[in-house]
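Mapping of the sequence shown onto full-length UniProt numbering: residues 1 to 549, in sequence order.
From the three backbone atoms N, C-alpha and C, an ideal C-beta is built for every residue, glycine too.
Predicted, not measured: the structure shown is a model, and the values here were computed from it.
The block underneath contains the structure these notes are about, expressed in structure tokens.
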Amino acid sequence: MAAMAGCCKLEVVGRVHSLRSESRGIGSPLSDVVKLWCGSKTSFSSVRAVGNNAGFSGLRGCIETGKLENWSKVGGFARNGRKGAAATAAMQGEGSVGVRNDVESGELHSNPIPVLVIGGGGREHALCYALQRSPTCSEVFCAPGNAGINTSGDAICVGELDITYSSAVIEFCQKSGVGLVVVGPEAPLVAGLVDDLVEAGIPAFGPSASAAALEGSKDFMKRLCDKYEIPTAKYQSFTDAEKAKTYIKEQGAPIVVKADGLAAGKGVVVAMTLEEAYAAVDSMLVSSEFGSAGGLVLVEEFLDGEEVSFFAIVDGENAVPMASAQDHKRVGDGDTGPNTGGMGAYSPAPALSPELERKVMETIIYPTVKGMRAEGCKYVGVLYAGVIIEKKNGSPKLLEYNVRFGDPECQVLMIRLQSDLVQVLLSACKGNLNGVQLEWAEDPALVVVMASNGYPGKYVTGTRIKNLDVAEVVAPGVKVFHAGTTMNSENEIVAAGGRVLGVTAVGKDIAEAQSKAYSAVDQIDWPEGFCRRDIGWRAVSRLQSVNLS
1 MAAMAGCCKL EVVGRVHSLR SESRGIGSPL SDVVKLWCGS KTSFSSVRAV
51 GNNAGFSGLR GCIETGKLEN WSKVGGFARN GRKGAAATAA MQGEGSVGVR
101 NDVESGELHS NPIPVLVIGG GGREHALCYA LQRSPTCSEV FCAPGNAGIN
151 TSGDAICVGE LDITYSSAVI EFCQKSGVGL VVVGPEAPLV AGLVDDLVEA
201 GIPAFGPSAS AAALEGSKDF MKRLCDKYEI PTAKYQSFTD AEKAKTYIKE
251 QGAPIVVKAD GLAAGKGVVV AMTLEEAYAA VDSMLVSSEF GSAGGLVLVE
301 EFLDGEEVSF FAIVDGENAV PMASAQDHKR VGDGDTGPNT GGMGAYSPAP
351 ALSPELERKV METIIYPTVK GMRAEGCKYV GVLYAGVIIE KKNGSPKLLE
401 YNVRFGDPEC QVLMIRLQSD LVQVLLSACK GNLNGVQLEW AEDPALVVVM
451 ASNGYPGKYV TGTRIKNLDV AEVVAPGVKV FHAGTTMNSE NEIVAAGGRV
501 LGVTAVGKDI AEAQSKAYSA VDQIDWPEGF CRRDIGWRAV SRLQSVNLS
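This is the structure in structure tokens:
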């Protein structure tokens with residue numbers, strides 16, 4: 001059915017790789033397939049081609065005067081759920097249509113599936129945003145979700161589902177026909193939710209409880225590094241405060257003190273003096289500020305260099321690198337104040353060259369995957385390596401592992417991702433990642449975290465946040481991801497946590513992405529919130545140096 005002239009919009013998102021088409025055969029570039037739709041001069045009212053490889057310039061030209069008359073002949077494009085309804089409306093001249101080609105082979109999952117995301121933070125909002133764009137996905141559920149996920153349309157929030165009970169999650173999946181579960185936070189992973197889902201026959205992306213020890217115990221991770229010769233900082237582990245202090249005195253400052261277990265991103269103290277290090281040891285082993293997570297303490301050598309976040313998707317045997325990112329952990333401008341869960345990030349990280357990325361894969365990621373397999377706990381999920389590029393020799397060393405997508409790094413990764421996330425995660429669950437490659441938008445992205453006043457210390461919740469809709473339209477490429485938000489009795493969005501919003505923007509370079517993000521931040525009316533004003537400063541400084549030279 002032909003589109004009526006000037007009555008609908010066409011959005012093409014994805015990569016110009018091969019596509020299975022009944023009328024063109026396998027291997028036709030997407031631009032050739034779209035030419036099948038251009039049998040007349042009928043125009044769409046607007047056209048948006050999102051992609052950065054060279055084929056998109058030709059693609060844009062050939063779709064600006066076309067119609068979707070051969071939609072049914074193109075087997076690689078999904079028509080399902082709300083996307084199918086939109087496509088039908090578009091072909092009748094009543095709406096808009098999004099076309100996506102994100103799979104290397106061009107063959108999509110034959111039956112689009114519902115996906116359940118576990119969690120309710122900014123990372124989970126970003127995952128929902130990426131998953132719902134997938135032609136392999138019919139709908140996205142998020143449990144418990146948050147106010148922003150619910151109101152944005154990125155997912156259907158299931159706040160009543162108690163994710164601490166595997167049986168409840170399994171029952172929901174079975175009733176809703178969920179074909180993939182993506183577990184966001186570390187706590188359910190360490191608790192064994194993925195183990196229970198897999199045992200029930202439900203594909204789940206994330207490591208088993210035993211494999212999640214890579215993050216759940218820094219001592220476990222360090223011992224794995226020792227055994228499989230993965231480069232990392234020298235360390236010793238202690239349960240006795242006085243012995244730890246004696247070791248610290250022998251080593252001198254600066255030095256790093258880490259709680260062994262999960263501490264919400266706050267269990268690491270970079271002590272610049274002996275007194276700071278002693279106080280950190282006491283807080284963990286004497287005052288028990290981190291509970292059982294601080295019952296074992298690691299004292300680690302201080303490495304001087306630049307930290308970056310490196311991500312890889314793992315299927316137990318194979319690993320596929322993702323884009324790099326750089327986090328800002330300190331609460332204050334100029335990297336001052338205490339550590340937080342992350343106050344902002346950007347991707348890609350200029351500090352990590354393609355050569356260094358290959359070195360990280362060869363010396364850190366692959367040996368870890370091999371080591372975990374040899375230890376009898378295959379790792380399936382995303383590996384988030386905190387890596388430092390040492391100033392003295394330019395080599396990467398592993399600082400720590402996380403077993404989930406970073407927050408806020410996930411926000412900048414998902415807004416740049418062009419591949420079909422559902423297909424990739426299902427491939428990982430099935431052990432089929434060999435040969436898979438991910439495609440990313442070339443334009444960088446930057447996220448500014450807005451937090452409640454007082455964070456990472458005591459903060460007030462329930463404060464109203466206004467003008468979020470204005471912020472998202474201040475410039476193209478802006479998206480506000482919600483972390484700690486909920487709705488009050490008056491149906492207003494209010495703060496419900498420490499880190500509350502992730503104001504994210506894409507730009508032609510990192511300076512433009514930064515400018516867009518802060519323009520959006522400045523539109524948000526939230527007197528009880530704050531943010532750092534220098535997110536991306538390292539990358540912007542590099543860019544300015546290049547421009548000057």
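{"Asked": "What residue range does the alpha helix (DSSP H) around residue 125 cover?", "Found": "122 to 131"}
{"Asked": "Which residue marks the beginning of the alpha helix (DSSP H) containing residue 521, and which one marks its end?", "Found": "510 to 523"}
{"Asked": "If you reduce the DSSP assignment to three classes, tell me which class residue 296 lands in.", "Found": "coil"}
{"Asked": "With 16 as the cutoff for other CB atoms within 10 Å, does residue 435 come out buried or exposed?", "Found": "exposed"}
{"Asked": "In the DSSP assignment, find the unbroken alpha helix (DSSP H) run with residue 410 in it and report its ends.", "Found": "409 to 416"}
{"Asked": "Taking 7 angstroms as the limit between beta carbons, can you name the residues of its chain near residue 398, skipping five residues before and five after?", "Found": "225, 230, 231, 232, 364, 385, 387"}
{"Asked": "Measuring CB to CB, does residue 429 end up less than 8 angstroms from residue 205?", "Found": "yes"}
{"Asked": "Report all residues from its chain with a CB closer than 7 angstroms to the CB of residue 194; omit the five preceding and five following residues, and keep chain order.", "Found": "183, 204, 206, 207, 208"}
{"Asked": "Suppose the cutoff is 7 angstroms on Cβ atoms and the five residues either side in sequence are ignored; what does the same chain contact list for residue 544 look like?", "Found": "none"}
{"Asked": "Comparing C-alpha positions only, which one of 289, 333, 220, 159 sits nearest to residue 533?", "Found": "333"}
{"Asked": "Where DSSP assigns a beta bridge to residue 346, which residues make up the other side?", "Found": "326, 446"}
{"Asked": "My guess is that residue 411 and residue 126 are in contact by the Cβ rule of under 8 angstroms, so how many angstroms apart are they, rounded?", "Found": "4 angstroms"}
{"Asked": "Taking the alpha helix (DSSP H) that residue 278 belongs to, which residues open and close that run?", "Found": "274 to 281"}
{"Asked": "Tell me whether residue 315 is buried or exposed, calling it buried when 16 or more other Cβ atoms sit within 10 Å of its Cβ.", "Found": "buried"}
{"Asked": "Work out the CA separation of residue 215 and residue 262 for me, nearest whole Å.", "Found": "7 angstroms"}
{"Asked": "What first and last residue would you give for the beta strand (DSSP E) that runs through residue 224?", "Found": "Note, residue 224: premise wrong, no beta strand (DSSP E); alpha helix (DSSP H) at 218 to 227."}
{"Asked": "Is residue 193 helix, strand or coil when you go by DSSP?", "Found": "helix"}
{"Asked": "Leaving out the 5 sequence neighbours to the left and right, which residues in its chain are closer than 7 angstroms to residue 456 when beta-carbon positions are compared?", "Found": "266, 331, 338, 340, 498"}
{"Asked": "Can you tell which of 248, 295, 176, 227 has its C-alpha closest to the C-alpha of residue 284?", "Found": "295"}
{"Asked": "On the criterion of 16 or more Cβ atoms from any shown chain inside 10 Å, does residue 492 qualify as buried, or is it exposed?", "Found": "exposed"}
{"Asked": "Start and end of the beta strand (DSSP E) containing residue 119?", "Found": "113 to 119"}
{"Asked": "Decide yes or no for the touch test of the stretch 417 to 433 against the stretch 504 to 512: beta carbon pairs closer than 8 angstroms, at least 3 of them.", "Found": "no"}
{"Asked": "Name the DSSP bridge partner or partners of residue 452?", "Found": "529"}
{"Asked": "Taking all protein chains shown into account, decide if residue 400 is buried (16 or more other Cβ within 10 angstroms of its Cβ) or exposed.", "Found": "buried"}
{"Asked": "Whole angstroms is fine: what's the gap from residue 4's alpha carbon to residue 460's?", "Found": "Here residue 4 scores only 35 on pLDDT, less than 50, and its place in the model should not be relied on; the value that follows carries that caveat. Cα to Cα, the separation comes out at about 53 angstroms."}
{"Asked": "Spatial neighbours of residue 240 within its chain, please: CB distance less than 8 angstroms, with the 5 preceding and 5 following residues excluded, ordered by chain position.", "Found": "285"}
{"Asked": "For the beta strand (DSSP E) containing residue 551, list its first residue and its last residue.", "Found": "No information on residue 551 is available, as it lies outside the stretch 1 to 549 that the chain covers here."}
{"Asked": "Tell me whether the beta-carbon of residue 186 lies closer than 8 angstroms to the beta-carbon of residue 403.", "Found": "yes"}
{"Asked": "Please say whether residue 444 and residue 541 have beta carbons closer to each other than 8 angstroms?", "Found": "no"}
{"Asked": "Under the three-state reduction of DSSP, which class applies to residue 175: helix, strand or coil?", "Found": "helix"}
{"Asked": "Any idea which residues DSSP pairs residue 481 with across the strands?", "Found": "502"}
{"Asked": "For residue 213 and residue 189, which I take to be in contact (beta-carbon distance under 8 angstroms), what is that distance rounded to the nearest angstrom?", "Found": "Their Cβ separation, rounded to whole angstroms, is 10 angstroms, which puts residue 213 and residue 189 out of contact at 8 angstroms."}
{"Asked": "Over what stretch of residues does the alpha helix (DSSP H) that includes residue 461 continue unbroken?", "Found": "Note, residue 461: premise wrong, no alpha helix (DSSP H); not H, not E."}
{"Asked": "Could I get the ranges of all uninterrupted beta strand (DSSP E) runs contained in the stretch 351 to 400, with 3 residues as the minimum, in chain order?", "Found": "380 to 390"}
{"Asked": "Let me know the secondary structure DSSP gives residue 237 once reduced to three states.", "Found": "strand"}
{"Asked": "For my contact list, residue 520 and residue 503 are in at a C-beta cut-off of 8 angstroms; report their separation, rounded to the angstrom.", "Found": "5 angstroms"}
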